[in-house]
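Numbered by this note's numbering, the letters in the sequence shown go through residues 12 to 550 in order.
Let me begin by presenting the structure, written as structure tokens, before commenting on it.
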Amino acid sequence: MTPNAGSRAPAWGASGGFRLMRYFAISTLVAFAVVGLVLATLQHNEEQFFAQVQREQAAFFARAQAQLAKEHEEAARASLLAVHEASHVNLTRLVANMLWDTEFAPLAATAQKVPVNACRAAATTDDAARAARRNCFAEIGRQIRGWSGFRQLDAKAYAAMHDTTVFKIKVFDLRGITIYSSEHAQIGEDASGNEGWRRASAGMPASELTHRDRFSAFEGVVENRDLISSYVPVRRGREGSIVGVFELYSDVTPFLGRIKVAAKAFAALTADNQQRIEEQSRDNQSRVDGSSRNFLIIVCSLLALLYAVSWLIVRHGQRLIDRQHAAQAQAAERERQWHREKMAALATMAANVSHEVGNPLAVIDATARDLPTDGAVVAAARAQILAQCGRVDTMMRQMTDFAAARDAGPEWIDVNARIKALCDFQSFDFRFRGMPIEFHPMRDLPPRELEPDHLNELLMGALQIFIDGATSAVPSAQPHSPIRIETLQRATDVVVRMARAGAPAPQPARADALARRAGEFGWHLAWAAGAMELVLPDV
């Protein structure tokens, strides 16, 4: 199979020049595209990050406003509760100043005579027991209402609370028994387990805000009202000792309604603010998106401009490379032409020498063979003449075999025989008389299909580098050490190895030129310290 020179040099175009434009256009375009894609991705991530920040800020503001509205409403309710609790404390003191000594104190004294321990000790394990307990306390209430001054007290209490926001009033003794209630059915009930009564009996008022669907007030039954109930201690005497507990229920529906209206107005305001924030966020996002697009357009334009400028520079470099390679190709072609002409001249010279020297040599050989052999001197002269004729004939055949003109094109050759002919021919060069060539062929070396002149050209170039290295070597080198040439087989490849002990490293330009020349033939030539290897693959 003919060696394919192009298969060993994929970086070269059809014209032999390096495909700089193709590699630059592809690699740079891919690199710029990757850079553009990365920039676009980063910019998109920035936009998404900004949008996320905008959303989180809007959500935080919404939560903050909702929390503020909630706290505002709770503060308003707490203020309402505190104000009404203070009002209930004052009202309790006013009622106590007016009615306690004359009305409630006698009622409390009468109630104290009614025993309650039996009712409290009643079981509450089932419905019947609980009903019996309620009936027991209801009987206590009937006994209290049966006091002679109850009607008069009740009338005064109604008169005192008429046209006020107080819907109900209850009075407890220190046992927790309800001794008076504007809702008479609750008189006699036990409030000792109520936390509000406990706090009030300990001296601390307690209030709470509740909503009642139906409520029994001084003016009758009311519906859907918001009430504040307060347990207030009653203090009498100089030491201010606690003598009872008042419970008052005040209607705060209008006030709570105003709080709700204010809360709705505040909520509407916060909703309007939230909408403005969202609109501003959308406007900011739109501006950021526009700025991002402009940024990408500018960057992509700069990348395109940079690519265009680089493309022009590389195009100019490609032209220089093409011209240089064309000059190198012309020089190589001239060198190959010179080599062919030199080999043709050698072939012509060898033919002429063989013709001009061969005929006289044949006559001398024939004459020497006709000499008599009976005399020792004549026999010795005859033998010497025949030996020298044989030597000259061998030299002529070696010159003819090496320099014989061949048709262009590859052929199957014995690599060992070809290298042996080259070594014999080079031995005629006076430069190799002080630097002998030692050839060590490998037996049974497989043949190779190639052009013999190509092998001659590379091996003669390598020998020339060794000779030049010897003439310019430093004194520590060994300029007269022999050049060793050997052949060997590595896998399916035939390897020609040339080495000389102490040889300096070849000049890079000459070594690279010879390696490129081998690559053109589809071979591989490499240099090491004082050695050269030429690989002839099985193609």
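Each residue gets a CB set at the ideal place from its N, CA and C atoms; glycine is no exception.
Predicted model, so just to flag it, every value in this text is computed and none were measured.
| query | result |
| --- | --- |
| DSSP state of A213, grouped into three classes? | coil |
| Should A25 be labelled buried (16 or more other beta-carbon atoms within 10 Å of its own) or exposed? | Below a pLDDT of 50, predicted positions are generally treated as unreliable, and A25, at 39, falls in that range; the measurement from the model is reported next regardless. Exposed: under 16 other Cβ atoms inside 10 Å. |
| Bridge partners of V94, per DSSP? | Beta-bridge pairing links V94 to no other residue. |
| Where do the N-terminal and C-terminal ends of the alpha helix (DSSP H) with G255 fall, by residue? | Careful: G255 lies outside any alpha helix (DSSP H), inside the beta strand (DSSP E) at S252 to D262. |
| Closest to F450 by C-alpha separation, out of L499, I288, R144 and I270, would be which residue? | L499 |
| Which of the three DSSP states is assigned to L102 in this structure? | helix |
| If you measure between the beta carbons of D262 and T175, is that distance less than 7 Å? | no |
| Cα separation between Q335 and P517? | 23 Å |
| Bridge partners of D504, per DSSP? | R501 |
| Using three-state DSSP, classify K124 as helix, strand or coil. | coil |
| DSSP beta-bridge partners for A119? | None, per the DSSP bridge assignment. |
| Note down the Cα distance separating Q54 from F61, rounded to an integer number of angstroms. | 10 Å |
| Closest by CA to E57, which one among D300, P371 and V368? | D300 |
| Between M453 and P493, how many whole angstroms is the CB-CB distance? I'm expecting something under 8 Å. | 19 Å between Cβ atoms; not a contact. |
| Please state whether DSSP places T189 in a helix, a strand or coil. | strand |
| Could you tell me whether the segment 176-186 touches the segment 258-272, where touching means 3 or more Cβ pairs closer than 8 Å? | yes |
| Determine the extent of the beta strand (DSSP E) in which L545 is found, giving its start and end residues. | A542 to L547 |
| Can you list, in chain order, the residues of its chain with a C-beta nearer than 7 Å to that of L92? Leave out the 5 residues immediately preceding and following it. | S218, L220 and I239 |
| Rounded to the nearest angstrom, how far is the Cβ of D184 from that of A133, given a contact under 8 Å? | D184 to A133, Cβ: 20 Å. No contact. |
| Which stretch, first to last residue, makes up the beta strand (DSSP E) that contains E460? | R459 to L461 |
| If I'm right that E462 touches G530 with Cβ under 8 Å, what's the distance once you round it to whole angstroms? | About 15 Å separates the two Cβ atoms, so there is no contact after all. |
| Nearest by alpha-carbon distance to T135: which of A129, R144, V127 and N128 is it? | R144 |
| Could you check how far apart the C-beta atoms of V256 and A211 are, in whole angstroms? I think they sit under 8 Å. | 4 Å |
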